[in-house]
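Heads up, the thing below is written out as structure tokens.
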Amino acid sequence: MEQYSVEELRDMLKDKGIQPSFHRIHILKYLLENKSHPTVDEIFQKLSGEIPTLSKTTVYNTLNLFAEKGLVEVLTIDEREARFDVIVKPHAHFKCLKCGAIYDFWEVDVKIKDKEFEKFTTKSMHLYVKGYCPNCQ
């Protein structure tokens, strides 16, 4: 697990035009050290014990700001929850239907062969795959 200094975290926020605050720094640190694609609830549960002033609303608003500024990617693999990924480089996600784990895959080649698609300008593309991981098969 990578460790980040408070100064490095502040710089990451400033580079994206985000004013560093105590809560924002700790939420970013958690995301960078726990690349498990957490939900708002998971982040709140993990951090609220060590940060009593943290509210679920603060976590939610902070993550939305991070997403707006391109610091995190919002994943909607499951319609019931949003998850947050600090890795914003293009990659695919696989969610295990049994254990719920989410895995990143980097070597992905998706081609849309429909001629009609050529008329569109693509800004982003998300590939979510669901099935069973090797541990749950």
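The working numbering puts the first residue of the sequence shown at 180, with every later residue one more than the last. Here a beta-carbon is modelled for each residue, glycine too, at the ideal position from N, C-alpha and C. Nothing here was measured: the structure is a model prediction, and the numbers come from that model.
task = Would you kindly report the start and end of the unbroken beta strand (DSSP E) that includes ALA261?
result = Per DSSP, ALA261 belongs to the beta strand (DSSP E) from 260-264.
- Message: Here's the rule I'm using: 16 or more other beta-carbon atoms within 10 Å means buried, otherwise exposed. How should GLU252 be labelled?
- Response: So GLU252 counts as buried.
| task | Express the C-alpha separation of PRO231 and ASP283 in angstroms, rounding to a whole number. | result | Distance between the alpha carbons of ASP283 and PRO231 is about 32 Å.
- Query: Taking the alpha carbon of TYR311 as the point to measure from, which residue in ASP293, CYS278, THR237, TRP285 has its own alpha carbon closest?
  - Reply: Closest in C-alpha terms to TYR311, from the list ASP293, CYS278, THR237, TRP285, comes CYS278.
Between the region 205-218 and the region 261-271, are three or more C-beta pairs nearer than 8 Å? A contact exists between the region 205-218 and the region 261-271.
ask   = Cα separation between LEU188 and ALA246?
value = Using only the alpha carbons, I get a separation of about 16 Å.
Between LEU192 and LEU207, what straight-line distance do the alpha-carbon atoms span, to the nearest angstrom? The straight-line gap from Cα to Cα measures roughly 8 Å.
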